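When we follow our numbering, the leftmost residue of the sequence shown carries the number 143, and every step to the right adds one.
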Amino acid sequence: MIISLVLARKYKMSLVYWSYTVVVLGLMLVPATVTARPRFLFTAFPLFFPVARALRDEDERWWPLVIMVFIGGLITVTGIYGVRGAIP
143 MIISLVLARK
153 YKMSLVYWSY
163 TVVVLGLMLV
173 PATVTARPRF
183 LFTAFPLFFP
193 VARALRDEDE
203 RWWPLVIMVF
213 IGGLITVTGI
223 YGVRGAIP
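Shown next as structure tokens:
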């Protein structure tokens, strides 16, 4: 989320996308009854536009890193779920 916000500022996301993203992130982070979960971040989909633009603007050297981060995250989340049952 933090990387996406930094890239959104760098690539100057429009005000409409910013307002939608801020409201969705606020609804995700502010309430004490609902904890912040990664699935709630998907509703703030305008944050993925600057990330896609940053990956497009760079050359091919980033793709192995991106794939490794995604694979590592998937393995970590699967392991946590399997061992601890931590993700409802």
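For glycine and all other residues, C-beta sits at the position ideal for the given N, C-alpha and C.
Everything numeric in this text was worked out from a predicted model, so none of it was measured.
For M155, the three-state DSSP class (helix, strand or coil) | coil
Apply the 10 Å Cβ neighbour rule to S146 and answer buried if 16 or more other Cβ atoms are within range, or exposed otherwise.
-> buried
Coarse secondary structure for V244, derived from DSSP in three states = This structure leaves residue 244 out entirely; the chain is present only between 143 and 230.
Going by alpha carbons, who is nearest to F182 out of G168, P192, V148?
-> G168
Helix, strand or coil at R195 according to DSSP, with G and I counted as helix = helix
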